[in-house]
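Note that our numbering has the sequence shown beginning at 1266, numbered continuously upward. The structure appears right after this line, and notes come after that.
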Amino acid sequence: MSSHRTFVRLALLGIATLAIACGPSVGSGDDEPDGGDTGIACTGNETRCVGTQYQVCNGSTYQVEQNCPYACDKDRGGCIECLPGAGNTCRGNDVVTCNSDGTFGATVETCGQGTECSGGTCTRACSADGVDLIYVVDRTYRLVSFDPRLIGQPSGPYQVIGQLACPNPGTSLQPGGGTATPFSMAVDRNAVAWVLYSSGRLFTVSTTDASCQATSFQPSQNVGGQVWSLFGMGYVTDAAGGDTERLWIGGGNVDAQTSGSLGWIDTTSFAVNRTAAIQPSAEYSAEFTGLGDATLWAFFPDTVSSSFVQQIDKATGAGVGNRLMFSLAASGRQVAAWAFAQWGGTFYVFVTTVDFLGLDERASVHAINRTTGAHSVVLQNQPYVVVGAGVSTCAPITIGGPPPAE
């Protein structure tokens, strides 16, 4: 008697998002209302700027005379729109020049979608709503947010966003065929989910309302001797703390049982670029997650007692550093679905296992500390059979720490 295993493969994504936006935050630091007494001693009628506060001495202490919306210059009498001689500046989402009298000048450019004006230049935005969350998709087409900070809280970490209804998903490439289902997922810096279906078709999905749009990606591209049919995905920054990123992919084979190749998708032309063979191997091919420090990590589901997480060299496909080994479940069970994401220095592995009869299905969430390799099962008997996970590269890379500097 032989058994047929259906691989409900999950995609791990460059994951974890963080409640703190990656984009620079410019604060005035002036909580005092106009006319407030700072309590700081002074003499005469001195004036000064503290951040964007204009303060005037009343003979004994500084009083807050103005809270400036843009900038402060005591030599020009307080509030101005910009600092002359400091180069271009921002007026909303416009890059503008600064006139010699401290007023806004001509518009140089208006920052486009997905970018924001910061420091007088257009930069990739890292402040989209929901960019601080992990996102998962389950076997029943539900898009769900996952907030690791709410593990153990009464509300729980999951929040259903909506049901995927991607147009023309196609026929599954996996054994048995049928209507395609979600296979892998990644999330970009604008909190847009990229979902690969088992047909090899790639879609973009809103993490606000789960609305779905098809891309022009051509399934099963044959590049570098690899047919890219089905693969794990994860966004990774091009440089540590950078604001540009690539959609890295790994695998390619339909059976999800070999490591395959490593590459990336040009999300303008939707061409696949192969870089190398994936060298670490396990029972099933890997899922990936990326970080804002430009590193790519993979989860390799092996037998339930010897699965591991390892960093992958993006140029060679080789494993980097130690394997973070852990056990997925008790003996007598096998992996049926898996996904992977990073958040705050912790790798979250979403795994569903079944008994050898395929009857007793159990979904759980594992946490692996990136630094120490310490493993724990943080959630058991979950209602979601997760088949894809993703998180933005805006996510923190240390627990409780700030996002990557930009």
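Idealized CB from N, CA, C, for every residue including glycine.
Any idea if residue i is buried or exposed, counting beta-carbon neighbours within 10 angstroms, 16 or more meaning buried?
{"i": "residue 1397", "result": "buried"}
{"i": "residue 1557", "result": "buried"}
{"i": "residue 1425", "result": "exposed"}
{"i": "residue 1455", "result": "buried"}
{"i": "residue 1660", "result": "buried"}
{"i": "residue 1243", "result": "Coverage of the chain is limited to positions 1266 through 1671, which leaves residue 1243 absent and any answer about it impossible."}
{"i": "residue 1447", "result": "buried"}
{"i": "residue 1432", "result": "exposed"}
{"i": "residue 1302", "result": "exposed"}
{"i": "residue 1552", "result": "buried"}
{"i": "residue 1404", "result": "buried"}
{"i": "residue 1528", "result": "buried"}
{"i": "residue 1419", "result": "exposed"}
{"i": "residue 1607", "result": "buried"}
{"i": "residue 1430", "result": "exposed"}
{"i": "residue 1572", "result": "buried"}
{"i": "residue 1534", "result": "exposed"}
{"i": "residue 1601", "result": "buried"}
{"i": "residue 1288", "result": "Residue confidence is low: residue 1288 scores 25 on pLDDT, short of 50, so the model does not pin down where it sits. No coordinate-derived value is stated."}
Sorted by chain position, which residues of the same chain lie with C-beta nearer than 6 Å to residue i's C-beta, five sequence neighbours on each side aside?
{"i": "residue 1365", "result": "1349"}
{"i": "residue 1313", "result": "1320 and 1339"}
{"i": "residue 1467", "result": "1461, 1480 and 1482"}
{"i": "residue 1478", "result": "1469"}
{"i": "residue 1560", "result": "1576"}
{"i": "residue 1382", "result": "1355, 1358, 1360 and 1376"}
{"i": "residue 1311", "result": "1322"}
{"i": "residue 1400", "result": "1410, 1452, 1458, 1472 and 1655"}
{"i": "residue 1625", "result": "none"}
{"i": "residue 1546", "result": "1524"}
{"i": "residue 1297", "result": "Interpretation of residue 1297 is limited by its pLDDT of 42, a score under 50 that renders its predicted location unreliable; no figure is taken from the coordinates."}
{"i": "residue 1570", "result": "1592"}
Just reading off the beta strand (DSSP E) that residue i is part of, what are its end residues?
{"i": "residue 1616", "result": "1611-1620"}
{"i": "residue 1321", "result": "1318-1322"}
{"i": "residue 1674", "result": "No answer is possible for residue 1674: it lies beyond the span of the chain, which begins at 1266 and ends at 1671."}
{"i": "residue 1447", "result": "1447-1452"}
{"i": "residue 1645", "result": "Residue 1645 -> no beta strand (DSSP E), and no H or E assigned at all."}
{"i": "residue 1538", "result": "1537-1542"}
{"i": "residue 1457", "result": "1457-1462"}
{"i": "residue 1587", "result": "1584-1591"}
{"i": "residue 1598", "result": "1598-1608"}
{"i": "residue 1573", "result": "1572-1577"}
{"i": "residue 1500", "result": "1495-1502"}
{"i": "residue 1555", "result": "1552-1555"}
{"i": "residue 1433", "result": "Per DSSP, residue 1433 belongs to no beta strand (DSSP E) and is neither H nor E."}
{"i": "residue 1565", "result": "1561-1565"}
{"i": "residue 1468", "result": "1467-1471"}
{"i": "residue 1310", "result": "Here residue 1310 belongs to no beta strand (DSSP E), and DSSP marks it neither H nor E."}
{"i": "residue 1519", "result": "Segment: none, residue 1519 is in no beta strand (DSSP E) and carries neither H nor E."}
{"i": "residue 1486", "result": "1486-1488"}
Please return the same chain residues whose Cβ sits closer than 7 Å to the Cβ of residue i, not counting the five positions on each side in sequence.
{"i": "residue 1305", "result": "1326 and 1327"}
{"i": "residue 1658", "result": "1279, 1454, 1500, 1501, 1502, 1510, 1555, 1556 and 1557"}
{"i": "residue 1427", "result": "1408, 1474 and 1475"}
{"i": "residue 1463", "result": "1437, 1438, 1439, 1445, 1446, 1448 and 1495"}
{"i": "residue 1352", "result": "1385"}
{"i": "residue 1523", "result": "1550"}
{"i": "residue 1662", "result": "1556, 1557, 1558, 1610 and 1669"}
I'd like the list of long-range same chain contacts for residue i, defined as Cβ closer than 8 Å, with 5 residues on each side in sequence excluded.
{"i": "residue 1341", "result": "1366 and 1367"}
{"i": "residue 1299", "result": "Residue placement at residue 1299 is poorly supported in this model, since its pLDDT is 49, which falls under 50; the coordinates still yield a value, given next. Contacts found: 1329, 1330, 1331 and 1332."}
{"i": "residue 1597", "result": "1620 and 1621"}
{"i": "residue 1268", "result": "Its pLDDT being 26, under 50, residue 1268 is placed unreliably by the model, and the measurement read from it follows with that caveat. Answer for residue 1268: 1621 and 1623, listed in chain order."}
{"i": "residue 1406", "result": "1428, 1429, 1430, 1446 and 1447"}
{"i": "residue 1442", "result": "1436"}
{"i": "residue 1644", "result": "1416, 1422, 1629 and 1630"}
DSSP puts residue i in a beta bridge; with which residues?
{"i": "residue 1672", "result": "Outside the displayed span of the chain (1266 to 1671) sits residue 1672, for which this structure offers no information."}
{"i": "residue 1373", "result": "Partner(s): none; residue 1373 has no beta bridge."}
{"i": "residue 1407", "result": "1428"}
{"i": "residue 1530", "result": "1512 and 1537"}
{"i": "residue 1656", "result": "Looking at the DSSP assignment, residue 1656 forms no beta bridge with any residue, so it has no partner."}
{"i": "residue 1420", "result": "Residue 1420 is not bridged to any residue."}
{"i": "residue 1626", "result": "1619"}
{"i": "residue 1332", "result": "1318"}
{"i": "residue 1341", "result": "Beta-bridge pairing links residue 1341 to no other residue."}
{"i": "residue 1491", "result": "1488"}
Is there a Cβ of chain C sitting closer than 8 Å to that of residue i, yes or no?
{"i": "residue 1326", "result": "Within the model displayed, chain C is absent; a lone protein chain is all it includes."}
Inter-stretch contact at 8 Å, needing at least 3 Cβ pairs: the region 1430-1444 / the region 1623-1640
no
Closer than 8 Å is the cut-off here; do at least three beta carbon pairs connect the region 1548-1566 with the region 1606-1619?
Contact holds between the region 1548-1566 and the region 1606-1619, because three or more Cβ pairs, one in each stretch, are under 8 Å apart.
Below 8 Å, how does it come out for the region 1532-1551 and the region 1568-1588: are there three or more Cβ pairs, yes or no?
yes
State whether the region 1483-1501 contacts the region 1512-1532, with contact taken as three or more CB pairs (one from each stretch) at a distance under 8 Å.
In short, these stretches touch, since the Cβ pair count reaches three.
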